[in-house]
Structure formats: structure tokens, C-alpha cells
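Take the sequence shown: its letter number 155 is residue 155 in full-length UniProt numbering, and every next letter is one higher. In this text, a Cβ means the ideal position worked out from N, Cα and C, and glycines have one as well. On a predicted model such as this, the values are computed, not experimentally measured, just so you know. Read through the structure below, which is laid out as C-alpha cells, and then see the notes.
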Amino acid sequence: MPLFSRHSEPVEEPAPQPVHEERPKRRGLFGGNRSPSPTPSSSTRNTVSTQGTSPDRSGGVFRRSTDASSHRGGILHRSFGNGAIAELDPSIVQARERVMNAETAEREADRALMAARESVREAREHVRRLELEAEEEARRAKIKQYQAREVSKRGKQLGRKHFPSCQ
């Protein structure tokens with residue numbers, strides 16, 4: 001009998017039994033909003049081991065949960081007690097909504113303030129351009145006035161040399 005021989009006998013795989021393991025609720029920096037992943041069934045059991053670590057798959061190491069409750073993000077939507085938002089006091093929910101509305105109003109006010117500042121800057125720039133144009137027109141008007149005065153002086157001298165009695 002060789003040392004490294006294979007002896008292949010048909011081995012039947014035991015039927016998979018449903019696994020009902022209860023996962024603890026995760027709380028912390030990275031696990032607060034995630035819902036537990038479903039327990040693997042017989043059809044998904046082979047792919048579960050590669051799902052979390054393969055970057056080629058639709059999920060990844062840091063993939064987000066896709067259930068509707070996970071779309072609520074931000075500090076105000078996290079609950080710090082038992083983890084259930086439905087159990088929050090109505091006054092807390094109302095206060096949270098008021099804070100969120102105030103944040104939205106503040107962002108809109110910031111946008112309006114930036115738009116007003118931009119409008120003021122454009123108006124000042126327009127006034128500055130008008131002042132420069134007026135200065136340039138005044139400079140041209142002075143030059144034109146000087147030239148007109150010179151032409152007028154020369155025009156007054158016309159005909160005086162020939163008619164001495166008109167002086």
C-alpha cells in the first residue's frame with residue numbers, strides 16, 4: 001500500500017440545516033447604521049466568503065447597506081439609546097426636525113449672502129467703469145475744447161490783414 005495514495009469513496013454531504021444565530025447589535029464608529037447581513041442560504045453559501053473581501057464584486061469591504069433605514073445619514077438621524085428611531089420621544093423628533101430646518105435655512109441664507117456680495121461687487125465694478133469712462137470723456141472734451149479755441153483764434157484773424165479799416 002503506497003503512502004500517498006488516494007482512496008476515493010463517495011461521501012455524502014449532510015443536508016444543510018437552517019442556522020438561526022442571533023447577531024449582537026453593533027454600535028460604534030463604523031457599525032451604528034448597518035443592518036445585519038442575511039444569513040447565507042444554500043444557494044449563497046459558496047459566494048459569501050468572497051463577497052466581503054473582493055473588490056471586483058458589487059459589494060466591497062466597506063460597502064453600505066441598501067435597506068431603506070440606512071439612507072438616513074448624519075448625526076441627527078443616529079439614535080444613541082436602544083438603536084430604534086421609532087422609540088424616540090416626539091419632542092426629540094420635533095427638535096431634530098427644527099434643527100434640520102434651521103440648518104437648511106442657514107445654508108440658504110449663506111447662499112443669499114454670497115449672491116448679495118457678488119451683486120454689490122458687480123455694481124461697484126460697474127460704477128468704477130462708468131467713472132473711468134466719464135474721466136476719459138472729460139479728457140477728450142478738454143482736448144476738443146482746446147483745439148476748438150485754437151481754431152477760433154485762427155478764424156478771428158482771417159480777413160484782418162487785407163482790410164485795415166475793420167480793426
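Tell me the rounded alpha-carbon separation between Glu125 and Arg111.
21 Å
Three-state secondary structure assigned by DSSP to Leu113
helix
Straight-line CA distance for Glu133 to Arg117?
24 Å
Cα separation between Gly155 and Ser119?
53 Å
Can you check whether the C-beta of Glu106 is within less than 8 Å of a C-beta belonging to chain D?
Among the chains of the structure shown, chain D does not appear; only one protein chain is present.
May I have the straight-line CA-CA distance separating Ala95 from Glu106, to the nearest angstrom?
16 Å
Arg121 versus Arg139: straight-line alpha-carbon distance, rounded
27 Å
Out of curiosity, what's the CA-to-CA distance linking Gln157 and Arg129?
43 Å
Can you give the Cα-Cα distance for Glu135 and Gln145, rounded to whole angstroms?
15 Å
Take Ala148 and list the residues in its own chain whose beta-carbon comes closer than 6 Å to its own, dropping the five residues that flank it on each side.
none
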